[in-house]
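Notes for the one structure printed next.
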Amino acid sequence: MPALSLAAMRKGARGIVSSVADDRQSLGDSARSTVSRRLLELGFCPGERVEVIEEIWPGGDPIAVRIGNSVFALRRREAAAVMVNVEEGGTR
Amino acid sequence: MSVHAATVDAFQLALIGVPNSGKTALFNRLTGSRQKVANYAGVTVERKEGMFVGPSRERSYRVLDLPGAYSLTPTTLDEAITRDLLLGRLSGETAPRFIVCVADATNLRLNLRLVLELKDIGIPMIVALNMSDLARSRGFDVDAAALERELRVPVVETVAVARDGDRQLIERLESVPVPSASPFVEWCEPYRAQIERTQREV
Chain A
1 MPALSLAAMR KGARGIVSSV ADDRQSLGDS ARSTVSRRLL ELGFCPGERV EVIEEIWPGG
61 DPIAVRIGNS VFALRRREAA AVMVNVEEGG TR
Chain B
1001 MSVHAATVDA FQLALIGVPN SGKTALFNRL TGSRQKVANY AGVTVERKEG MFVGPSRERS
1061 YRVLDLPGAY SLTPTTLDEA ITRDLLLGRL SGETAPRFIV CVADATNLRL NLRLVLELKD
1121 IGIPMIVALN MSDLARSRGF DVDAAALERE LRVPVVETVA VARDGDRQLI ERLESVPVPS
1181 ASPFVEWCEP YRAQIERTQR EV
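Next up, the structure:
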């Protein structure tokens, strides 16, 4: 299974989260709150199944991503922290 | 009916939960039209408070509907307000003596992570498995008793949109002794490793 950044995945692509980079993109008012931290809190953890279910046009950004029983809208820039082992046939 | 005399020593509780878990629906179910809406001091975040009297007529409840939060490490103003209020850091507000964590039973994992984080704060808590009817109809095995054993926190089922859907919650609340004072709250933001550990626990 090829590993790909979630940011590079197209609509319909599925896979398993392999890692979440410890980025330094700050988010919100807390110096300690980073994109990768919030992604982990939302459930983007290694071993979880993810699927890109929508790309918002124009530009294909943000994307709608299903993780567990939730769907979250992510900017591609934020999704870049998540590495995914993409399932064959789902990439398009 | 006058509840004025009882408001002084009303049982104060705060509803908390992730966005879309049904906090406000449950808040409306509990308090009906006895609500006051304002803003938190100096910010455009809505402060909703309501009242209701328990079925025994012996106790009245003052309920605060907190802004939705995924985590106690805030990324939005709403989440910062919720954290600061819980920790007693918000000027003009006292930390709640009791919290009801509203959890979407159809999406438990996301909600349980917050439950575990709240448990660490140490404020007495009941977990309300909301939308438990929907979860069942979608084939989830909703087992409040098992969850209660695992979490070591009272767990009830609620259906905020149904008449009487708050019955289990109210029955539990009526049996809880009135908390005497705000517990001493000592809390610091978890490290990344702790978040990952908690997610494995969930």
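Protein sequence lines correspond, in order, to chains A and B.
Going by the numbering used here, the first residue of the first sequence is number 1, and it counts up by one from there.
Going by the numbering used here, the first residue of the second sequence is number 1001, and it counts up by one from there.
Where a beta carbon is used, it is the ideal one built from N, C-alpha and C, also for glycine.
Check: Once DSSP output is grouped into helix, strand and coil, what is the label at residue 1028(B)?; Outcome: helix
Check: What residues of chain A sit near residue 1040(B), judged by a beta carbon separation below 9 Å?; Outcome: Those within 9 Å of residue 1040(B) in chain A number zero; the least Cβ separation is about 14 Å.
Check: Within the continuous alpha helix (DSSP H) that includes residue 984(B), where are the two ends?; Outcome: Nothing can be reported for residue 984(B), as the shown portion of chain B is limited to 1001 through 1202.
Check: Is the shortest distance between the beta-carbon of residue 70(A) and the beta-carbons of chain B less than 9 Å?; Outcome: yes
Check: Going along the chain, which unbroken runs of the beta strand (DSSP E) with 3 or more residues stay wholly within the region 1153–1184 of chain B?; Outcome: 1155–1157
Check: Beta-carbon of residue 30(A) versus every beta-carbon of chain B: anything under 9 Å?; Outcome: In this prediction, residue 30(A) has a pLDDT of 49, which is less than 50 and means its spatial position is unreliable; nothing more can be read from the coordinates.
Check: Got a sec: is the Cβ-Cβ distance from residue 1158(B) to anything in chain A below 9 Å?; Outcome: no
Check: Tell me residue 1046(B)'s beta-bridge partners as DSSP assigns them.; Outcome: 1039(B)
Check: From the beta carbon of residue 1082(B), is the nearest beta carbon of chain A less than 9 Å away?; Outcome: no
Check: Answer with yes or no whether the minimum CB distance from residue 74(A) to chain B is below 9 Å.; Outcome: no
Check: Could you tell me the alpha carbon to alpha carbon distance between residue 22(A) and residue 1092(B), rounded to whole angstroms?; Outcome: 37 Å
Check: Taking 9 Å as the threshold (beta carbon to beta carbon), is residue 6(A) in contact with chain B?; Outcome: no
Check: Just how far apart, CA to CA, sit residue 59(A) and residue 1021(B)?; Outcome: 31 Å
Check: How long is the line joining the alpha carbons of residue 52(A) and residue 1024(B), rounded to whole angstroms?; Outcome: 30 Å
Check: For residue 71(A), count neighbouring C-beta atoms within 10 Å of its own C-beta (all shown protein chains included) and say buried if the count is 16 or more, exposed if not.; Outcome: exposed
Check: Applying a beta-carbon distance threshold of less than 9 Å, which residues of chain A neighbour residue 1071(B)?; Outcome: 33, 37, 38, 41, 42
Check: Listed in chain order, which residues of the region 1101–1131 of chain B have Cβ atoms closer than 7 Å to some Cβ of chain A?; Outcome: 1106, 1107, 1109, 1110, 1113
Check: At what residues does the alpha helix (DSSP H) containing residue 1034(B) begin and finish?; Outcome: Counting along the chain, residue 1034(B) falls outside any alpha helix (DSSP H), and DSSP gives it neither H nor E.
Check: According to DSSP, is residue 969(B) helix, strand or coil?; Outcome: This structure leaves residue 969(B) out entirely; chain B is present only between 1001 and 1202.
Check: Given a cut-off of 9 Å, decide if residue 1127(B) and residue 1151(B) are closer than it, judged by their beta-carbon atoms.; Outcome: yes
Check: Is it right to say residue 1177(B) is buried, meaning 16 or more other beta carbons lie within 10 angstroms of its own, or is it exposed?; Outcome: exposed
Check: Is the beta carbon of residue 1107(B) less than 9 Å from the beta carbon of residue 69(A)?; Outcome: yes
Check: Could you tell me how far apart the beta carbons of residue 1137(B) and residue 1158(B) are, in whole angstroms, since I believe they sit closer than 8 Å?; Outcome: That pair is no contact at about 15 Å.
Check: Between residue 79(A) and residue 1071(B), what straight-line distance do the alpha-carbon atoms span, to the nearest angstrom?; Outcome: 19 Å
Check: So what's residue 1018(B) in DSSP terms, helix, strand or just coil?; Outcome: coil
Check: For residue 15(A), write down the residues that DSSP places opposite it in a beta bridge.; Outcome: 50(A), 86(A)
Check: Are residue 1035(B) and residue 1017(B) touching if we call contact CB-CB under 9 Å?; Outcome: no
Check: Which residues share a DSSP beta bridge with residue 44(A)?; Outcome: Answer is none; residue 44(A) lacks a bridge partner.
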